[in-house]
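Going by UniProt numbering, the residue at position 40 of the sequence shown is 40; the numbering climbs one at a time, nothing skipped.
Glycine included, every Cβ here is placed at the ideal spot set by N, Cα and C.
Bear in mind the structure is a predicted one, so any value in this text is a computation, not a measurement.
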Amino acid sequence: MPVPGPNGGNLGNEANGADYRADSNSNNFSNRDTSENQNSKYVDNNNNVEGEDSVDGDYSATIPADSLYTIYFDFDRYNIRNDMKPYIKADAEYIKQQDIKAVVLQGNTDEFGTDEYNFALGQKRAVSVRDALVLQGLPRNMFSTVSFGASKPVCKEKSPECHAKNRRTDIVEK
1 MPVPGPNGGN LGNEANGADY RADSNSNNFS NRDTSENQNS KYVDNNNNVE GEDSVDGDYS
61 ATIPADSLYT IYFDFDRYNI RNDMKPYIKA DAEYIKQQDI KAVVLQGNTD EFGTDEYNFA
121 LGQKRAVSVR DALVLQGLPR NMFSTVSFGA SKPVCKEKSP ECHAKNRRTD IVEK
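What follows is the structure, given as structure tokens:
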């Protein structure tokens, strides 16, 4: 039975407006079929999407480094979105300016999926943020990661906007 997605689609068939297909011969998710869908994207076994964001990239946009920002994620994803990279940079600058010594990265998910899956996804989100902050020059050993899965939502309404608020990693001074 398919898991429902946030926009009425199914987790396995629609995410972020793109079709994702499983290639049963190679265990890869792929859009490599005969359809003309321009929103399709190739997904490999490591959850990397062809043409999608990663930890690397442009962190040059300026966001005030006056607090720690929450990092948000797309549905069923743990890669750092391009629009979140300036916030990663601001978080790193804030941690350096405030001379913060220890940080907990708390990965969270929306309610879709099993508890086991969501705890694993939340952990991947926390690790992804840690890796991005390390690329900004912070020492890896200052971070601890934890996943709350879907157990600590900041919004409990049943709407796409609310679900999006729960797909996050909170950055907390220890």
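Which of helix, strand or coil does DSSP assign to residue i?
| i | result |
| --- | --- |
| residue 173 | strand |
| residue 52 | The predicted position of residue 52 is uncertain, since its pLDDT is 44 and thus under 50; a value taken from the coordinates is nonetheless stated next. Correct three-state label for residue 52: coil. |
| residue 104 | strand |
| residue 154 | coil |
| residue 82 | helix |
| residue 128 | helix |
| residue 122 | helix |
| residue 162 | helix |
Since I believe residue j is in contact with residue i (beta carbons under 8 Å), could you give me their beta-carbon distance rounded to a whole number of angstroms?
| i | j | result |
| --- | --- | --- |
| residue 65 | residue 90 | 5 Å |
| residue 94 | residue 68 | 6 Å |
Using a 10 Å radius around the Cβ and a threshold of 16 neighbouring Cβ atoms, would you call residue i buried or exposed?
| i | result |
| --- | --- |
| residue 17 | Here residue 17 scores only 38 on pLDDT, less than 50, and its place in the model should not be relied on; the value that follows carries that caveat. By the 10 Å Cβ count, residue 17 comes out exposed. |
| residue 76 | buried |
| residue 107 | buried |
| residue 128 | buried |
| residue 110 | buried |
| residue 168 | buried |
| residue 132 | buried |
| residue 103 | buried |
According to DSSP, what are the bridge partners of residue i?
| i | result |
| --- | --- |
| residue 72 | 168 |
| residue 146 | 106 |
Please report the distance separating the alpha-carbon of residue i from that of residue j.
| i | j | result |
| --- | --- | --- |
| residue 113 | residue 85 | 26 Å |
| residue 145 | residue 123 | 7 Å |
| residue 170 | residue 157 | 20 Å |
| residue 138 | residue 96 | 8 Å |
| residue 115 | residue 152 | 12 Å |
| residue 78 | residue 117 | 13 Å |
Check whether chain B comes within 7 Å of residue i, counting only Cβ atoms and requiring the distance to be less than that.
| i | result |
| --- | --- |
| residue 166 | Among the protein chains of the structure shown there is no chain B, as only one such chain exists. |
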